[in-house]
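Everything on this sheet refers to the single structure shown next.
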Amino acid sequence: LELTEQQRVMLLSRSPSGPKKYFPIPVENLEEEIRIRSADEGKLFREEFNSLTPGHVQGTFEMANKEENRDKNRYPNILPYDHSRVILTQVDGVPSSDYINASYIDGYKEKNKFIAAQGPKQETVNDFWRMIWEQKSAVIVMLTNLKERKEDKCYQYWPDQGCWTYGNIRVSVEDCIVLVDYTIRKFCVQSLHDGCKAPRLVTQLHFTSWPDFGVPFTPIGMLKFLKKVKTLNPAHAGPIVVHCSFNRFDGCQPNERRGSAKCDTVSLPSFRYTYVPVFCSLQMQYSFIYQALLEYYLYGDTELDVSSLEKHLQTSHSTAPNLVKIGLEEEFKKLTNVRIMKENMRTGNLPANMKKARVIQIIPYDFNRVILSMKRGQEYTDYINASFIDGYRQKDYFIATQGPLPHTVEDFWRMVWEWKCHTIVMLTEVQEREQEKCFQYWPSEGSVTHGEITVEIKNDTLLDAISVRDFIVTYNQVFNQEKQSRLVRQFHSVQKQQQQTGNHPITVHCSAGAGRTGTFIALSNILERVKAEGLLDVFQAVKSLRLQRPHMVQTLEQYEFCYRVVQDFIDIFSDYANFK
Numbered sequence: 001l002e003l004t005e006q007q008r009v010m011l012l013s014r015s016p017s018g019p020k021k022y023f024p025i026p027v028e029n030l031e032e033e034i035r036i037r038s039a040d041e042g043k044l045f046r047e048e049f050n051s052l053t054p055g056h057v058q059g060t061f062e063m064a065n066k067e068e069n070r071d072k073n074r075y076p077n078i079l080p081y082d083h084s085r086v087i088l089t090q091v092d093g094v095p096s097s098d099y100i101n102a103s104y105i106d107g108y109k110e111k112n113k114f115i116a117a118q119g120p121k122q123e124t125v126n127d128f129w130r131m132i133w134e135q136k137s138a139v140i141v142m143l144t145n146l147k148e149r150k151e152d153k154c155y156q157y158w159p160d161q162g163c164w165t166y167g168n169i170r171v172s173v174e175d176c177i178v179l180v181d182y183t184i185r186k187f188c189v190q191s192l193h194d195g196c197k198a199p200r201l202v203t204q205l206h207f208t209s210w211p212d213f214g215v216p217f218t219p220i221g222m223l224k225f226l227k228k229v230k231t232l233n234p235a236h237a238g239p240i241v242v243h244c245s246f247n248r249f250d251g252c253q254p255n256e257r258r259g260s261a262k263c264d265t266v267s268l269p270s271f272r273y274t275y276v277p278v279f280c281s282l283q284m285q286y287s288f289i290y291q292a293l294l295e296y297y298l299y300g301d302t303e304l305d306v307s308s309l310e311k312h313l314q315t316s317h318s319t320a321p322n323l324v325k326i327g328l329e330e331e332f333k334k335l336t337n338v339r340i341m342k343e344n345m346r347t348g349n350l351p352a353n354m355k356k357a358r359v360i361q362i363i364p365y366d367f368n369r370v371i372l373s374m375k376r377g378q379e380y381t382d383y384i385n386a387s388f389i390d391g392y393r394q395k396d397y398f399i400a401t402q403g404p405l406p407h408t409v410e411d412f413w414r415m416v417w418e419w420k421c422h423t424i425v426m427l428t429e430v431q432e433r434e435q436e437k438c439f440q441y442w443p444s445e446g447s448v449t450h451g452e453i454t455v456e457i458k459n460d461t462l463l464d465a466i467s468v469r470d471f472i473v474t475y476n477q478v479f480n481q482e483k484q485s486r487l488v489r490q491f492h493s494v495q496k497q498q499q500q501t502g503n504h505p506i507t508v509h510c511s512a513g514a515g516r517t518g519t520f521i522a523l524s525n526i527l528e529r530v531k532a533e534g535l536l537d538v539f540q541a542v543k544s545l546r547l548q549r550p551h552m553v554q555t556l557e558q559y560e561f562c563y564r565v566v567q568d569f570i571d572i573f574s575d576y577a578n579f580k
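Next up, the structure:
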C-alpha cells in the first residue's frame, strides 16, 4: 500500500438494491468498514463471502480426474485446472507422471510468481521435490502443521537431520531456526539424475501459528512472515511454492503493492476460481485479509535494521529543546489506541476475582490467562491475575503477573509450582514512596508455609544491585503424604538460569504486572531478535504484548527506555557481534 491520501482499497461494498456492486472505498474508511462488517458475529462478512461467484473462467480437470492420478489428490473436490496446473517432466514408462496437484498463481505484476500446492502425501513426496527442482524454486511456504485435530494434514517431506533421498532428489538439512510464529529450515537440494548440476539452497518457511480452527488472533505474525518470505526469496529464483493441507494461498501481500495506489482485494474471488476452485475456503480467512490490510495501513512497516536505529532516534528527536522525542510520542500514541478487549475479561471481572486485582484496569484476558487447578469444593480458585506471554522463540515463554497481595500469595506459589517455574523476576520494591507495591511473598529467614506449599530461603546475595534469592519450594500433598521439592531462583540474570532448569515459563512481576513487567519482556524479545537477525521492531513488539495483556509498557518513558537500552546494547556489543 502506498500511504497517501489518494489511496483507495477496492472492496466489495454492500449494495442496497440489485446484484452486488464493487465500489472503491477510501482506505481511511477501512477500519469503519471492518467494524460494520464484523457486527452481528460477522453477518455482512458472511453475506459478502457467500455472494462471490466463480466469474468467467470455466476450467477442466481432465488430468486430475484420471484414474492413475486420483490417489495423488488429498481431497477429491480440490483439484488443479488443466490450464494452470504445474506440468512435471514425464518419466519414461510411467503414465501421467507429469501430474501433481499444484497450480501456477500470478503475482501482482509477475506471471506465475507462485505455485499453490496441496500438502504432499507419502505417495507424492517424490513428485513434490521433483517439482521444486524442475521449477527452480528457492522458497517453500508451509501453512499447515503435519497434524491438526489428530488428522494427518501433510506428510513430512524433509528429514529432521542429515540427508534423505526422495526419488532422484537428495535433500539434506543445513539449518533450522525455531521462532514463535514460524520455523525456518534450510535445505541443500541436489538432483542425482543431473549430477553435473550444482546443489541448490532451498528455504522452507513454516508458519506454525495458524490455529486448528479459524484464523490467527492477530495478523501481525503473518505480516512479519510474509516479509520474511519476500526477503529470503532470491531475485531470479523460480516460483515460490505455497502449500497447506490443500492448495490454499491467502493472497494478502501488501508489500507486493507498495507503490500502487490500490490494493484490489475484490480481485481475490475471481483469482481463486481462475486457478484453484475453493480457493479461500472459509469466510474467516476472507475477513482475515481485511484485518491484515488494515494492520498494514494503520501501522505500516516499523521494522528497523540495527544500523538504522541511530538515525531513527535522531529523526525522532525534536530540535526544539522544550519538546521531547516527537516521533516516539507519535508511535506511543498509536499504541494507546490499541483496543482493550473488555469482552474477553469475563473471568477476571467476576466479583470474586476483582478482589484479587491490585489495579482493576489490569485484568488478564480469558484466552491466555494462567489457569490454576481448582481447589476441591471452592469456586473461583482456578483464577490468578496472570497472563501467558509469548517470547521471541517460544509461545507462553513468560508469565506476566502482579505483585502478590496478602490474600493471593498462596495462589502465586501454587502458580509457580503447577507451571514448573524455576525463575521469578521481580521488578518492584515491596514498598515504594511509602506505598505497598508487593506483599513480601518469601521469608527473610527460615521457611513459611502458604496452603500446601512451603517456601524456604537458602541463599540471599546482592550482585550489582540485583538481589538473587534461592528458595526451596516444597509441595506437601495432603492425600498421599508425599513431598516434592524444587529450587526456585528469584533474580534478574534470566538466560543462564533458564538453560539450567529447562525452558519452563519465567514468572515476571512488578506491582500491577504491566508497566515494568511489559518493559522487561519487550526488551527480552527485542534483544533476542537483535542478536539473532540484526533487526528490531520496538513498536510491534510492544503492540504484541498489549494484545496479550492490557497496558503492557505503560508509559512513554518506558517506551523510550526500550529504544535507549537497545541502542546501548548495539553500541556496547557491536565489536563482538555480527549484527552491525
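Quick note: the sequence shown uses full-length UniProt numbering, first residue 1, plus one each step.
Beta carbons are placed, not taken as given, at the ideal position from N, Cα and C, and that holds for glycine.
Residue burial classification, residue i (beta-carbon count within 10 angstroms, cutoff 16)
i	result
Q90	exposed
S373	exposed
V242	buried
L79	buried
G259	Here G259 scores only 45 on pLDDT, less than 50, and its place in the model should not be relied on; the value that follows carries that caveat. Classification of G259: exposed, given that the 10 Å Cβ count is below 16.
L335	buried
H236	exposed
residue 586	Any question about residue 586 goes unanswered here, given that the chain covers just 1 to 580.
R272	For R272, the predicted structure reports a pLDDT of 44, less than 50, and the residue's modelled location is therefore unreliable. A value from the coordinates is still provided. R272 should be labelled buried.
C280	In this prediction, C280 has a pLDDT of 47, which is less than 50 and means its spatial position is unreliable; what the coordinates show is noted afterwards. Buried, by the Cβ-count rule.
N503	exposed
E33	buried
Q204	buried
I240	buried
A292	buried
T124	buried
E28	exposed
F367	exposed
F213	exposed
C-beta atoms of residue i and residue j nearer than 7 Å
i	j	result
M284	V215	yes
V508	L536	no
V553	V542	yes
Q402	A512	yes
G220	F398	Looking at the sequence provided, one finds Ile at residue 220 rather than Gly. Cβ distance not < 7 Å, so I220 and F398 don't count as in contact.
I169	W133	yes
N69	S96	yes
A102	I115	yes
Y365	N337	no
V141	V229	yes
V139	L201	no
I521	I389	yes
I360	V370	no
I453	W413	yes
Y104	F332	no
Boundaries (first-last residue) of the alpha helix (DSSP H) holding residue i
i	result
M426	First-last for M426: T423 to M426, but that is the beta strand (DSSP E), not the alpha helix (DSSP H).
R185	Looking at the DSSP string, R185 is not in any alpha helix (DSSP H); the run it does join, the beta strand (DSSP E), is Y182 to S191.
L523	G515 to E533
F225	I220 to L232
N353	P351 to M354
Q285	Q283 to Y299
C176	Note, C176: premise wrong, no alpha helix (DSSP H); beta strand (DSSP E) at I169 to V178.
F45	L30 to N50
R130	V125 to E134
R546	V538 to Q548
I326	I326 to T336
Residue i - containing beta strand (DSSP E), residue span
i	result
E452	Here E452 belongs to no beta strand (DSSP E), and DSSP marks it neither H nor E.
V241	I240 to H243
Y166	C163 to Y166
I362	Segment: none, I362 is in no beta strand (DSSP E) and carries neither H nor E.
S485	K483 to Q490
F207	R200 to F207
D568	Note, D568: premise wrong, no beta strand (DSSP E); alpha helix (DSSP H) at L556 to F573.
V141	V139 to M142
F471	I466 to N476
Cβ distance (whole Å) where residue i is taken to contact residue j below 8 Å
i	j	result
Q156	L143	Not really, about 15 Å apart at Cβ, beyond 8 Å.
K136	G238	4 Å
T408	K356	5 Å
D470	R489	5 Å
D181	F225	6 Å
Cutoff 7 Å: residue i Cβ touching any chain C Cβ
i	result
D366	Among the protein chains of the structure shown there is no chain C, as only one such chain exists.
Which runs of the beta strand (DSSP E) fall wholly inside the segment 83–123 and span at least 3 residues, in chain order?
85–87, 99–105 and 114–117
Problem - beta strand (DSSP E) segments (min. 3 residues) lying fully within the segment 382–431 - result: Qualifying beta strand (DSSP E) stretches, in chain order: 383–389, 398–401 and 423–426.
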